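Trainee:
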Amino acid sequence: DEESTLNSLLAYTLLSQVPDKPQKKMFNIDQGNGEITVANTNFQRTEVPQYELTFSV
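Be aware that the sequence shown starts at 1, since it is given in UniProt numbering, and climbs by one per residue.
1) Rounded to a whole number of angstroms, what is the C-alpha to C-alpha distance between Asn-28 and Val-48?
2) For Val-57 and Ile-36, I'd like the C-alpha separation in whole angstroms.
3) Within 10 angstroms of the Cβ of Leu-14, are there 16 or more other Cβ atoms? Answer buried if so, exposed if not.
4) May I have the straight-line CA-CA distance separating Ala-39 from Thr-5, to the nearest angstrom?
5) Shorter than 8 Å, the distance from the beta carbon of Lys-21 to the closest heavy atom of the ligand GTP, or not?
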């Protein structure tokens, strides 16, 4: 698809996170550029050192 056309635009969506603790929504994803950020102030790397995120484009 040609650049700057509707067919060339991507939309990112976060589908799931594993584990889903301490809360189900620990992360946000920017739909336009795919940037993932921490959404929750309860984020403690010592409690959950790793997450598996699934997203669609």
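Each residue gets a CB set at the ideal place from its N, CA and C atoms; glycine is no exception.
These numbers come from a predicted model, not from an experiment.
Mentor: Walking through what the data contain:
1) Numbered from its first residue, the sequence shown carries residue 28 at position 28. Numbered from its first residue, the sequence shown carries residue 48 at position 48. C-alpha separation (whole angstroms): 17 Å.
2) Against the sequence shown, residue 57 aligns to sequence position 57. Against the sequence shown, residue 36 aligns to sequence position 36. Whole-angstrom Cα-Cα distance: 13 Å.
3) For the purposes of this step, residue 14 is identified with residue 14 of the sequence shown, where counting begins at 1. Leu-14 is buried by the Cβ-count criterion.
4) Working through the sequence shown from its first residue, we reach residue 39 at position 39. Working through the sequence shown from its first residue, we reach residue 5 at position 5. Looking at the two C-alpha atoms, the distance is approximately 31 Å.
5) With respect to the ligand GTP, the structure shown offers nothing to examine, as it has no ligands at all.
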